[in-house]
Amino acid sequence: MSGPAVVVLGGGLSGAAAAYALALGGVSDITVVERGDTLGGLAGSFERDGHFYPLGYHHILHRDRVLLHFLDRIGALPRVRWRRVRMLFDLGGRSYDLGTPGGFLGFPMRLRDKAGFVRLMLTAFRKRDWSDWQDRSAAELVDTYAGAGARTALFERLTRLKFELPCDAVSGAWLGARLHFREGSAPLGYIPGTNWTTVLCDGVARLLEEHGVKVRLRSTVQRLATSGGRVVEAELSTGERLPADLFVSTIPTEIYRRLVPGDHTPELERIAYSALISVICATRQPIDPRAYWINLASLDRTACGIFLLSALNPTIGAPGDTCVNFVTHLRGRDRPLFHAPDGELLARYADDFRAVFGTELTPFWTNVARVPMYSPVFGRSFRNPPIRSASWENVYFAGNYRAFPSIVSTGTALGSGLETADAVLAGLGVRSARFAEASAFRLRGMPRA
Ligand SMILES: Cc1cc2nc3c(=O)[nH]c(=O)nc-3n(C[C@H](O)[C@H](O)[C@H](O)COP(=O)(O)OP(=O)(O)OC[C@H]3O[C@@H](n4cnc5c(N)ncnc54)[C@H](O)[C@@H]3O)c2cc1C
3 MSGPAVVVLG GGLSGAAAAY ALALGGVSDI TVVERGDTLG GLAGSFERDG
53 HFYPLGYHHI LHRDRVLLHF LDRIGALPRV RWRRVRMLFD LGGRSYDLGT
103 PGGFLGFPMR LRDKAGFVRL MLTAFRKRDW SDWQDRSAAE LVDTYAGAGA
153 RTALFERLTR LKFELPCDAV SGAWLGARLH FREGSAPLGY IPGTNWTTVL
203 CDGVARLLEE HGVKVRLRST VQRLATSGGR VVEAELSTGE RLPADLFVST
253 IPTEIYRRLV PGDHTPELER IAYSALISVI CATRQPIDPR AYWINLASLD
303 RTACGIFLLS ALNPTIGAPG DTCVNFVTHL RGRDRPLFHA PDGELLARYA
353 DDFRAVFGTE LTPFWTNVAR VPMYSPVFGR SFRNPPIRSA SWENVYFAGN
403 YRAFPSIVST GTALGSGLET ADAVLAGLGV RSARFAEASA FRLRGMPRA
């Protein structure tokens, strides 16, 4: 099939996956337009002294089937190693590991609530599809399985860390789906000797090249021109125009809605994005490798979490370096902290480090990333917008804002791209089931580090 010209807006993983699946389906004229220097978006990386690092902590989840499918496709899956890491909850000046009997028993929560907590976790681990919890809150979910005591002691803290919202305002379907992926208890994956998101993004870029997809980097779409109920061209900030028959938008919905006049697709205008600050630094000082992930659950710190990237991947960066990542989730980019000068941010994170590790942090480089639109805020009534615009008949949507309820990962972004490509191809009369195929991927083994 030669068929239509397709422009994919955004070269993150959802855009790249959509373009790839369209090419596999026989579409020959595909252009991905990405404003960044490389493909990858939030899964992109930065380089220091010849080593690559993610913008913020990234681990491979053993249940993230579409991600595993893509790692397999690009030949990287045999290089993945799995490590059981520790996740701590720092509360009132003490750290608790809920995965050990001592940490679990010592955590300040009544015994009855701890039994409820175990019930909730077991339910979440087994239940894959959480769509029946749409329109119900995380408070209802936790109270149903674990009880209000467990909610107050733990989950109210976690939803505030993630969205600056109480459990009552957060979606129960989102929380259930998130717990299903067992981030705190199952082994996590990485690729030794490198940063795995760089391997993934390079591999996906190679797939696009092999399949003749045109990639326009450093190209920002600033307007979508319409005519007769259709979008007819994407106008770049340079003034260049890219006409096409079909458009797949994978950019944040808030940006898309600014580019096109009046898209009244249901749910689209209700989507608001949380913001994120991620600071990565490298040090040669000895750091107690007590955990990979420390949740600062006292809620009185600047960071929501501190990640010791080297505790998952000891070979990230140069030999002997330890890589530390401070992450703060904010309800929106209008929060004052998001605009704080770098010096102030770094001083506040240094305070957090001292409070948790009891020692000064002495980094020899630091990278500050501010992501104004990180993840949709999954409020209790969140719903996915439809796959196709209700206002502009030749516009389709993909991205993590369509993958709810899910963990919001590299794999769910890739999966959303495949799902949308299947829908576009169906509209062209081509049968394609890439999303179902990738979602059925089975991991054959989990070689340990
Ligand atoms: C700190 C952090 C930690 C994470 N941890 C993990 C993890 O441990 N495991 C995991 O699997 N996933 C993790 N993720 C999630 C994962 O990286 C993202 O969910 C995924 O990469 C999102 O892909 P996307 O294509 O949907 O969106 P994006 O990556 O946001 O892609 C959208 C693209 O559109 C481009 N764009 C926007 N506007 C325009 C415009 N006007 N013109 C042209 N281009 C435009 C952007 O530059 C971007 O590249 C993490 C993400 C972050 C930030």
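Just so you know, we're using the numbering used here here: the sequence shown kicks off at 3 and counts up by one.
Ideal Cβ positions, reconstructed from N, Cα and C, are used throughout, including at glycine.
The structure presented is a predicted model; accordingly, all values stated were derived computationally and were not measured.
Residue i beta carbon near ligand 1 (any heavy atom closer than 6 Å)
{"i": "S47", "result": "no"}
{"i": "A415", "result": "yes"}
{"i": "G334", "result": "no"}
{"i": "Y441", "result": "Reading off the sequence, residue 441 comes out as Ser, not Tyr. For ligand 1, not one heavy atom lies less than 6 Å from the Cβ of S441."}
{"i": "L44", "result": "yes"}
{"i": "G241", "result": "no"}
{"i": "G191", "result": "no"}
{"i": "L15", "result": "yes"}
{"i": "I308", "result": "no"}
{"i": "E36", "result": "yes"}
{"i": "I289", "result": "no"}
{"i": "I389", "result": "no"}
{"i": "T222", "result": "yes"}
{"i": "N402", "result": "yes"}
{"i": "G186", "result": "no"}
{"i": "G205", "result": "no"}
{"i": "H60", "result": "yes"}
{"i": "T412", "result": "yes"}
{"i": "T252", "result": "yes"}
{"i": "S280", "result": "yes"}
{"i": "I273", "result": "no"}
{"i": "I257", "result": "yes"}
{"i": "G230", "result": "no"}
{"i": "G12", "result": "yes"}
Identified DSSP bridge partners for residue i
{"i": "V373", "result": "L278"}
{"i": "S173", "result": "S139"}
{"i": "V34", "result": "V10 and V217"}
{"i": "V223", "result": "L238"}
{"i": "L93", "result": "R96"}
{"i": "H341", "result": "Answer is none; H341 lacks a bridge partner."}
{"i": "N315", "result": "Paired residue(s): none; N315 is not in a bridge."}
{"i": "N327", "result": "I282 and F309"}
{"i": "P378", "result": "Y275"}
{"i": "Y192", "result": "R83"}
{"i": "I62", "result": "G191"}
{"i": "F48", "result": "Y55"}
{"i": "P321", "result": "BP columns for P321 are empty, so no partner."}
{"i": "T228", "result": "V233"}
{"i": "L332", "result": "A277"}
Residue i vs residue j beta-carbon contact at 7 Å
{"i": "V144", "j": "F157", "result": "yes"}
{"i": "A305", "j": "D354", "result": "yes"}
{"i": "T85", "j": "P189", "result": "Sequence check: residue 85 is Arg here, not Thr. Taking 7 Å as the Cβ cut-off, R85 and P189 qualify as a contacting pair."}
{"i": "L57", "j": "A371", "result": "yes"}
{"i": "G174", "j": "E142", "result": "yes"}
{"i": "G334", "j": "A284", "result": "no"}
{"i": "L11", "j": "V223", "result": "yes"}
{"i": "T317", "j": "S16", "result": "no"}
{"i": "R478", "j": "E395", "result": "Lying before the first or after the last residue shown, residue 478 is absent from the chain, which here runs from 3 to 451."}
{"i": "R121", "j": "Y147", "result": "yes"}
{"i": "F340", "j": "I308", "result": "no"}
{"i": "A423", "j": "A23", "result": "yes"}
{"i": "L278", "j": "T255", "result": "no"}
{"i": "S276", "j": "S391", "result": "no"}
Cutoff 7 Å; reference residue i; Cβ partners in own chain excluding five residues on either side
{"i": "R180", "result": "I409"}
{"i": "S393", "result": "G264, D265, H266 and T267"}
{"i": "A19", "result": "L416, G419 and L420"}
{"i": "F380", "result": "V172, S173, W176 and F406"}
{"i": "A25", "result": "I32, H213, G214 and V215"}
Close Cβ partners of residue i (< 6 Å) along its chain, the five nearest in sequence each way excluded
{"i": "S97", "result": "L90"}
{"i": "H60", "result": "T199"}
{"i": "F183", "result": "L63, R65 and I409"}
{"i": "R138", "result": "G174"}
{"i": "Y192", "result": "W198, L314 and N315"}
{"i": "S383", "result": "D137"}
{"i": "A207", "result": "L41"}
{"i": "S239", "result": "T222 and Q224"}
Contacts around residue i, its chain only, beta-carbon distance under 8 Å, and the 5 residues preceding and following it disregarded
{"i": "G101", "result": "R88, M89, G186 and S187"}
{"i": "I257", "result": "M375"}
{"i": "M111", "result": "F119, G151, A152, A155 and L156"}
{"i": "G2", "result": "Examination of residue 2 is not possible in this model, given that the chain is present from 3 through 451 alone."}
Residue i Cβ short of 6 Å to ligand 2 heavy atom set
{"i": "A405", "result": "Of the ligands one can find in the structure shown, namely ligand 1, none is ligand 2."}
Beta strand (DSSP E) runs wholly inside the stretch 240 to 311, at least 3 long, in chain order: 243 to 245, 248 to 251, 275 to 285, 295 to 298 and 307 to 310
In chain order, each alpha helix (DSSP H) run of at least 4 residues that lies wholly inside the stretch 398 to 428: none
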